[in-house]
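Numbering (this note's numbering), first residue to last: 135 to 367.
Beta carbons are placed, not taken as given, at the ideal position from N, Cα and C, and that holds for glycine.
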């Protein structure tokens, strides 16, 4: 049975937002975050991954901390930079959130609540693969999620959704090597092998740009990595 005693409210939630050339969307994302979630202080950290626009300036203008990569290192590298920085500053719960508006601040309470109540160590957002998701992405995500379950034995409905939350201690079990879009899947492989307690939370499916994000080529690379991880290479 999960421990029903919540984490002490003196703890801190850190939101890591990797961003590259997201000047059009980052302001609206940050404006909706607020300074607390479920009664716990919230710190927003934007990792500007080599942007050529005003992403960093807009993020600072909305009160977020900003760490910049001089060149683009990839989503996985940006997430690692952000997680390490927030843990070093004392955050106990970490939330990973995209900067392009696909993830809504209103979903944060349901993402962190299972962790604060010690019902889970890793919370994954789950989208519906329907008409709001571009067909190729929906089919690709559905296929990768089902293959993940077959290969690694953990039931995850949406392996590619980047909105997820976990404890600082769990981060050490999930700590990934991938710098690209394979980061989401590698994280789950490590979680399955470490028997991390996982729960899923439904969120709205939002796509502002049907051609942005994980491509077919990215999906094939993720599949190749899954095979490599499965055979232990």
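Three-way DSSP call (helix, strand, coil) for residue i in this model
i           : result
residue 332 : strand
residue 184 : coil
residue 148 : strand
residue 142 : Reliability of the predicted coordinates at residue 142 is poor, the pLDDT of 44 falling under 50, and the value obtained from them is presented with this limitation in mind. Coil.
residue 176 : strand
residue 170 : strand
residue 293 : coil
residue 216 : helix
residue 201 : strand
residue 137 : Unreliable positioning characterises residue 137 in this predicted model, as indicated by a pLDDT of 45, which lies under 50. A coordinate reading is not provided.
residue 301 : strand
residue 165 : helix
residue 325 : helix
residue 157 : coil
residue 361 : helix
residue 319 : helix
residue 278 : helix
residue 344 : Because residue 344 sits at a pLDDT of 49, beneath the cut-off of 50, its placement in the model cannot be relied upon, and the following sentence gives the value as read from the coordinates. Of the three classes helix, strand and coil, the one that applies to residue 344 here is coil, per DSSP.
residue 207 : coil
residue 189 : helix
residue 353 : helix
residue 339 : coil
residue 195 : helix
residue 311 : coil
Contact belief for residue i with residue j at Cβ below 8 Å, rounded distance in angstroms
i           : j           : result
residue 243 : residue 166 : Contact doesn't hold; Cβ gap of about 12 Å is too wide.
residue 172 : residue 247 : 6 Å
residue 150 : residue 230 : 5 Å
residue 148 : residue 228 : 5 Å
residue 381 : residue 245 : This structure cannot settle anything about residue 381, because the visible part of the chain is limited to 135 through 367.
Within 9 Å, strictly: CB atoms of residue i and residue j
i           : j           : result
residue 201 : residue 182 : yes
residue 360 : residue 311 : no
residue 205 : residue 224 : no
residue 215 : residue 196 : no
residue 338 : residue 304 : no
residue 281 : residue 357 : yes
residue 307 : residue 330 : yes
residue 124 : residue 156 : The requested residue 124 is not part of the displayed model; the chain covers only 135 to 367.
residue 162 : residue 235 : yes
residue 314 : residue 210 : yes
residue 237 : residue 340 : yes
residue 370 : residue 145 : With the chain running from 135 to 367 in the structure shown, residue 370 is simply not present.
Within-9 Å CB hit, residue i to chain B
i           : result
residue 253 : Given the protein chain composition of this structure (a single chain), no chain B is represented.
Check: residue i C-beta below 8 Å from any heavy atom of the ligand GDP
i           : result
residue 318 : This structure does not include the ligand GDP; it has no bound ligands of any sort.
Assess, as a yes-or-no matter, whether the segment 288-295 is touched by the segment 211-231 under the definition of 3 or more beta carbon pairs within less than 8 Å.
-> no
Tell me, please, whether the segment 253-264 touches the segment 320-334 by the rule of three or more beta-carbon pairs shorter than 8 Å.
-> yes
Minimum length 4: unbroken alpha helix (DSSP H) runs contained in the segment 220-276 = Secondary structure remark: continuous alpha helix (DSSP H) runs of at least 4 residues inside the segment 220-276, in chain order: 242-250.
Cβ contact (3+ pairs, closer than 8 Å) linking the segment 178-197 and the segment 293-304 = no
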